[in-house]
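First comes the structure, then the notes that go with it.
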Amino acid sequence: MKLLVTGGCGFIGSEYVRRRVTRNPGDLIVNLDALTYAGNLENVASVASAPNYIFVHGDIADANVVNRLFEEYRFDAVVNFAAESHVDRSIENPQVFLRTNILGTQTLLHAALNHGTSRFVQVSTDEVYGSLGPEGAFTEETPLSPRSPYSASKAAADHLVMAYHHTYGLPVCITRCSNNYGPYQFPEKMLPLMTINALKDAPLPVYGDGMQRREWLHVSDHCAAIDLVLEGGRPGEVYNVGGVNERPNLEVIRALLKQLGKPETLIRHVKDRPGHDRRYALDASKIRKELGWEPAISFDDGLRATVQWYVDNRDWWEKIVSGEYRTYYERMYGNR
Ligand code: NAD
Ligand code: TYD
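Letter 156 of the sequence shown, counting from 1, is numbered 141 in our numbering, and no numbers are missing.
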């Protein structure tokens, strides 16, 4: 299979690239990534010289770049991870979210359509469904009700993906996953941010009362689900991925402090995020029943291993904190 993976230098995309390149030596995996602040070539350094892997530095919203790639490789399938992904940044500066998440997705969809691509997997999020009360869970039939510029841009992309299916017959699938955690997550997101601050004995900024609830899924369980959807998902279908490990933020933060042997006095309640979604929870019975997906990693084991990964890989996150990781591309490829 000739597979285009976009955003493969970010947190989840890089896990997917490492997985796919290693497990599928007969595939060609082309990773198209713009290397925004969230893209880091060190995340894919372990597969950079594999014969079935090609990295392309480029923007999914640039139709010239995208069309040239499709012309050259005639992809069988696309998995679109590329996105602006951080809610707080979307509140500060929404516009880039619209460009990448909406126009970028449409640019890819159109190229896939023009080149007869036989599968397009859009990696979406549970955040498109909005915020839940204390009971219940989102199913694939729940109407979309996004509440942040980030989730609104992802919801718009989901609508375009379905429009390309219904209008033009493009064989698409959408995955909507809960909060991911694991190695190589950019330290603006809650789990790495809190872990790194704790390691530095710096305050842990908890938004509001810290009782917002998220469902946590290990990134490798998410990528396994994406592979199942890529290979066996029914065209035009949405698959929720998650449904396990719902926790209030404070409980997660207390657990990581305990593991690191750091005091809870590091916790600082700060001003809440505007429009902060209170609770997400997914009903993922469809992907379990149809595709046999089961998460392999329990939250307690996964959290322990993840916190330990940030302890053991100080060099990785210190380069991000200092900004040094941004020169990696020039060091690897020259300034072009
Ligand atoms: P991330 O921010 O870590 O990585 C995003 C990657 O996309 C980076 O490598 C970045 O350089 C690249 N990128 C950004 N704009 C681009 C553009 N215009 N062209 C090409 N590449 C571009 O994000 P992540 O956490 O790995 O999330 C990946 C996908 O999964 C996103 O679509 C996100 O909405 C979705 N998702 C994330 C989570 C989560 O918990 N992190 C949960 C569910 C779904
Ligand atoms: P985040 O990792 O940004 O993911 P999302 O907003 O997509 O769920 O945040 C996870 C939860 O942690 C969310 O409820 C917001 C909260 N949070 C804090 O309390 N403090 C922080 O500094 C950050 C980044 C997040």
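Ideal Cβ positions, reconstructed from N, Cα and C, are used throughout, including at glycine. Quick caveat: nothing in here was measured; it's all calculated off a predicted structure.
Does the distance from the CB of Ile(-3) to the CB of Cys208 come in under 8 Å?
yes
Relative to the C-alpha of Tyr58, which residue among Phe82, Val113, Val32 and Val(-10) is closest?
Val(-10)
Would you give the residue range spanned by the beta strand (DSSP E) that Phe40 belongs to?
Tyr38 to His42
Exposure of Ser270, with buried meaning 16 or more beta-carbon neighbours within 10 Å
Result: exposed.
Exposed unless 16 or more other CB atoms sit within 10 angstroms - verdict on Ala187
Ala187 counts as exposed, since fewer than 16 other C-beta atoms from the protein chains shown sit within 10 angstroms of its C-beta.
Delimiting residues of the alpha helix (DSSP H) encompassing Gln170
Run containing Gln170: none; DSSP gives neither H nor E here.
Return the chain-ordered list of same chain residues with a C-beta closer than 6 Å to the C-beta of Lys304, the five sequence neighbours on each side being excluded.
Tyr310
Buried versus exposed, by CB contacts within 10 Å (16 or more), Gln197
The residue in question, Gln197, is buried, as its Cβ has 16 or more Cβ neighbours within 10 Å.
With H, G and I counted as helix, E and B as strand and the rest as coil, what does DSSP make of Ala48?
DSSP places Ala48 within a helical segment (H, G or I) once states are collapsed to three.
Use the C-beta contact count for Pro119: other C-beta atoms within 10 angstroms, 16 or more gives buried, fewer gives exposed.
Around the beta carbon of Pro119, a 10 Å sphere encloses fewer than 16 other beta carbons of the protein chains shown; the residue is thus reported as exposed.
Hey, how far is the Cα of Leu13 from the Cα of Pro36?
8 Å
Going along the chain, which unbroken runs of the beta strand (DSSP E) with 3 or more residues stay wholly within the stretch 93 to 176?
104 to 110, 157 to 162 and 164 to 166
Considering only their Cβ atoms, is the gap separating Phe82 from Leu155 smaller than 8 Å?
no
Are Asn28 and Tyr169 close, meaning C-beta to C-beta below 8 Å?
Yes, these two residues count as a Cβ contact at 8 Å.
Lys(-13) - partner residues in DSSP beta bridges
Leu13
How about Leu241 and Glu249: do their beta carbons lie closer than 8 Å?
No, the pair does not count as a contact, with Cβ atoms beyond the cut-off.
For Val29, does the three-state DSSP call read helix, strand or coil?
helix
Between Thr127, Ser103, Pro134 and Ala96, which lies nearest to His71 when the distance is taken from Cα to Cα?
Pro134
So what does DSSP say about Asn182, is it helix, strand or coil?
helix
What are the boundary residues of the alpha helix (DSSP H) that Ile305 is part of?
Element bounds for Ile305: Arg299 to Ser307.
Please state the DSSP three-state secondary structure of Asp194.
coil
Reduced DSSP category for Arg253 - H, G, I as helix; E, B as strand; rest coil:
Correct three-state label for Arg253: strand.
Rounded to a whole number of angstroms, what is the C-alpha to C-alpha distance between Glu231 and Gly24?
Near 28 Å, if we compare the C-alpha coordinates of Gly24 and Glu231.
Reduced DSSP category for Gly217 - H, G, I as helix; E, B as strand; rest coil
helix
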